[in-house]
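Chains as they are written, first to last, in our numbering: chain A, 1 to 676; chain B, 1 to 179. Data first, discussion second: the structure below is written as structure tokens.
See below:
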């Protein structure tokens with residue numbers, strides 16, 4: 001087998017045994033890799049109503065056919081399982097699909113060790129870590145690692161093995177303490193943050209997985225593959241956007257973001273932070289803090305940063321990261337211009353092993369709740385969080401990771417905090433229990449629709465609809481026809497540039513972008529290169545020929561795109577099985593009622609009627625029914641007929657809820673007439 | 001004595017971001033597979049401090065590996081590169097121990113040593129250098145320029161230290177137009 005390794009490793013922590021499963025070419029053709037394998041396993045090996053902290057929840061690490069090869073940008077790894085963080089707005093006990101994509105080098109080394117996917121099930125009776133040394137698998141005592149941060153624990157493991165090249169994927173104290181948004185890290189600071197994969201790893205008493213792989217990945221047609229890889233590399237080397245990304249890191253997005261006025265300021269409430277580009281911009285950041293760039297495996301761009309604070313109060317502090325989301329969510333979101341302190345916060349969050357977005361959201365929700373008078377020091381055990389207070393924030397971050405005092409509550413995620421306190425539900429910026437990233441959902445409607453429809457809760461990295469930005473649309477004009485069809489493209493250019501906040505073109509764009517992004521996850525390459533900075537061109541030009549040359553299989557671009565659609569559908573089915581459909585594909589009332597406070601889009605809200613139309617249009621584009629459920633035709637077309645009985649179960653749950661007078665956890669817009 | 005016209009790979013660890021593209025390129029070029037063990041250039045990681053040092057054969061003028069090889073299997077090519085003649089090599093690893101950089105590495109399948117041949121048969125030049133186009137941690141330069149560039153970098157660093165502080169910038173405008 002070329003490209004892939006053809007094997008899947010199943011670890012059973014309860015009995016400390018393992019099993020190696022051979023995978024067939026047909027299976028590869030159906031799911032391709034990475035996110036595809038994971039989503040298949042997560043759907044089929046969990047059940048409706050399952051507690052994500054159940055030992056049976058399969059924690060999957062998936063790599064794709066290009067992972068670990070000479071193909072550029074191929075260092076990504078997808079981690080998936082049923083998520084403890086995400087939930088339905090009907091009931092926080094209803095969970096669904098969760099996954100996260102991390103850079104670093106773990107996926108490539110999994111493949112060098114001979115596995116396309118690692119699935120962890122069961123629960124160890126005491127803390128363990130697993131060492132995968134090619135075919136030899138050993139379960140080792142992790143009591144001396146328990147409680148250590150990412151950096152120290154990784155160094156300890158590498159020292160213990162006497163090999164600095166061992167790749168370690170692990171959790172920090174937050175994961176051990178079951179913080180719901182704990183992350184999985186590898187390579188010290190490359191983290192898979194969202195949806196709480198670290199929490200599930202912690203619930204299994206698994207501190208780390210270390211991999212040493214010594215076997216090469218073979219390529220079906222090496223000469224052709226090398227030629228293609230060079231062509232793509234060349235394209236990236238010469239791409240102005242890639243060159244800028246290298247120089248500034250993902251922080252290059254701040255000035256665009258603020259020019260439009262979309263940065264998540266003050267708990268994603270105001271929509272605009274004045275002067276953010278001067279404070280947070282990539283060049284300014286690099287001048288002050290950049291020690292050296294940090295790259296994922298086989299990536300010529302190196303948008304990763306390594307921070308060294310040279311002067312001031314935090315002089316001498318160094319850490320891996322941050323990237324744009326971390327900076328924005330731990331800085332802009334809590335309204336501070338003290339970037340050195342934000343860097344420290346980012347470093348802390350990484351080392352403790354938490355999602356920087358949700359951690360920032362926990363801080364900013366508390367700050368707004370204080371401002372609005374929803375909570376007082378009595379609720380928080382004497383702690384008062386005011387806008388921009390980075391010092392107290394550091395204390396609170398530590399408390400969350402250790403689940404001490406008020407931190408124990410914040411560790412549950414915004415929606416559960418508000419539910420438990422019985423107040424502040426209206427200011428939880430979330431979809432499916434996961435807090436919004438750093439783009440305000442009232443302005444860029446493609447992203448906004450993407451948050452609501454995303455199969456892992458609010459996040460832009462499922463429906464990565466960058467073409468909605470006029471600049472992107474212009475530089476990627478060749479894609480417009482593919483997205484909208486010849487007629488639609490004509491209309492698109494006639495009205496160009498449309499306002500960002502219009503919804504007309506967004507359902508189609510979103511549904512397409514969802515699959516486009518998924519292809520990158522399937523082959524385990526970076527989505528940024530075909531998404532935000534787009535230096536690699538389309539996936540058909542960039543990744544498809546490499547996939548075919550590496551694996552030597554016979555698969556048309558249409559079939560690959562259909563695989564992506566299949567993966568999106570199976571993830572969606574996971575949610576639908578538990579009854580989470582149309583009522584969760586929406587935003588909280590706030591974004592329909594309260595206008596953007598400042599900036600170019602001052603006063604902007606989402607239009608309820610338009611939103612309801614866009615929801616239906618999006619379902620239609622996907623071939624789903626009016627409640628957002630997968631239809632029989634669609635399931636047959638995608639060869640996932642086995643989800644159909646589950647759809648009936650899910651429909652019953654949603655109908656029951658819609659017909660009851662049971663209230664939603666947070667006030668969210670549900671299309672008129674649906675809910676009693 | 002005439003000046004030598006040889007080119008060498010120059011390493012700047014300060015610029016390496018640890019992407020291992022050079023290793024992937026080398027393994028791909030010489031063996032058509034992907035794994036760092038099949039590469040002749042290796043990145044030594046100190047990832048906890050985000051520091052990476054590429055190690056590759058320096059094609060020393062007075063190469064210790066050539067001297068210690070009991071089979072005379074370490075040979076110098078016309079390009080100046082020092083490689084292992086696999087037909088003669090017995091895999092005793094003497095060159096590995098003698099090399100001050102640990103540059104010769106062992107082929108995982110044959111057990112014989114291998115080191116950089118500068119991809120002289122390839123129009124792309126050394127693949128590892130090409131793969132490092134963006135980061136510029138590897139450069140393929142004339143032997144004489146290697147020393148000159150290093151000296152220039154050091155001098156630039158000294159200049160920064162000895163520059164008067166808070167220098168007012170004066171703007172001059174020059175016109176080079178030929179009209």
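Glycine included, each C-beta is placed from N, C-alpha and C at the ideal position. The structure presented is a predicted model; accordingly, all values stated were derived computationally and were not measured.
{"Check": "Quick one: does residue 37/B have its CB under 8 Å from some CB of chain A?", "Outcome": "yes"}
{"Check": "What residues of chain B sit near residue 301/A, judged by a beta carbon separation below 7 Å?", "Outcome": "134"}
{"Check": "So with Cβ pairs under 8 Å, would you call residue 108/B a contact of chain A?", "Outcome": "yes"}
{"Check": "Is residue 118/B near residue 108/B, with beta carbons less than 8 Å apart?", "Outcome": "no"}
{"Check": "Going by other Cβ atoms of all chains shown within 10 Å of its Cβ, with 16 needed for buried, is residue 69/A buried or exposed?", "Outcome": "buried"}
{"Check": "Of the residues 57/A, 336/A, 424/A and 604/A, which one's Cα is nearest the Cα of residue 376/A?", "Outcome": "424/A"}
{"Check": "Within 10 Å of its beta-carbon, does residue 120/A have 16 or more other beta-carbons around it, so buried, or fewer, so exposed?", "Outcome": "buried"}
{"Check": "Alpha carbon to alpha carbon, what distance is there between residue 48/A and residue 540/A?", "Outcome": "36 Å"}
{"Check": "Helix, strand or coil for residue 360/A, going by three-state DSSP, please let me know.", "Outcome": "helix"}
{"Check": "Mind reading off the beta-carbon distance from residue 210/A to residue 131/A? Whole number of angstroms is fine, and I expect it under 8 Å.", "Outcome": "5 Å"}
{"Check": "If the cut-off is 8 Å on Cβ atoms, which residues from the region 284-318 of chain A count as contacting chain B, listed in chain order?", "Outcome": "291, 292, 293, 294, 295, 296, 297, 298, 299, 300, 301, 302, 304, 306 and 318"}
{"Check": "Quick one: does the C-beta of residue 71/B sit closer than 7 Å to a heavy atom of the ligand COA?", "Outcome": "This structure lacks the ligand COA, and indeed carries no ligand of any kind."}
{"Check": "Using three-state DSSP, classify residue 543/A as helix, strand or coil.", "Outcome": "coil"}
{"Check": "Could you work out which residue in 436/A, 387/A and 381/A is closest to residue 407/A when comparing CA atoms only?", "Outcome": "381/A"}
{"Check": "Residues bridged to residue 54/B by DSSP?", "Outcome": "43/B"}
{"Check": "Using beta carbons (cut-off 8 Å, strictly below), is residue 45/B in contact with chain A?", "Outcome": "yes"}
{"Check": "Which whole runs of the beta strand (DSSP E) in the region 228-309 of chain A are 3 residues long or more, in chain order?", "Outcome": "290-294 and 304-308"}
{"Check": "Taking one C-beta from the region 16-33 of chain A and one from the region 101-112 of chain A each time, how about it: are there three or more such pairs within less than 8 Å?", "Outcome": "no"}
{"Check": "Taking residue 32/B as the query, report the chain A residues whose CB atoms sit under 7 Å from its CB, ordered along the chain.", "Outcome": "219 and 222"}
{"Check": "With contact counted as at least three CB pairs below 8 Å, one residue from each stretch, are the region 234-248 of chain A and the region 567-583 of chain A in contact?", "Outcome": "no"}
{"Check": "Does residue 189/B come out as helix, strand or coil in the three-state DSSP assignment?", "Outcome": "Residue 189/B falls outside the range modelled here, since chain B spans only 1 to 179, and no answer is possible."}
{"Check": "Below 8 Å, how does it come out for the region 355-372 of chain A and the region 300-320 of chain A: are there three or more Cβ pairs, yes or no?", "Outcome": "no"}
{"Check": "Return the CA-CA distance between residue 136/B and residue 42/A, expressed in angstroms with no decimal places.", "Outcome": "42 Å"}
{"Check": "From residue 153/A to residue 145/A, what distance separates their C-alpha atoms?", "Outcome": "6 Å"}
{"Check": "So for residue 120/A, helix, strand or coil by DSSP?", "Outcome": "strand"}
{"Check": "Which chain B residues are close to residue 164/A, counting only those with a beta carbon under 7 Å from its beta carbon?", "Outcome": "45"}
{"Check": "Taking a contact to mean a Cβ-Cβ separation below 8 Å, would you say residue 184/A touches residue 84/A in this structure?", "Outcome": "no"}
{"Check": "Which chain B residues sit within Cβ distance under 7 Å of residue 246/A?", "Outcome": "134"}
{"Check": "For the region 113-125 of chain B, which residues have a CB atom closer than 8 Å to at least one CB atom of chain A, in sequence order?", "Outcome": "124"}
{"Check": "When you compare the CB of residue 157/B with every CB in chain A, is at least one pair closer than 8 Å?", "Outcome": "no"}
{"Check": "Which two residues bound the contiguous alpha helix (DSSP H) that contains residue 568/A?", "Outcome": "557-577"}
{"Check": "Quick one: which chain B residues come within Cβ less than 8 Å of residue 452/A?", "Outcome": "Going along chain B, no residue has its Cβ under 8 Å from residue 452/A, so there is no contact; the nearest lies around 36 Å."}
{"Check": "Would you list the residues sitting across from residue 167/A in a DSSP beta bridge?", "Outcome": "211/A"}
{"Check": "Is residue 115/A closer than 8 Å to residue 9/A when the C-beta atoms are compared?", "Outcome": "yes"}
{"Check": "Say whether chain B places a C-beta atom closer than 8 Å to the C-beta of residue 629/A.", "Outcome": "no"}
{"Check": "Below 8 Å, can you find three or more Cβ-Cβ pairs linking the region 475-484 of chain A to the region 424-434 of chain A?", "Outcome": "no"}
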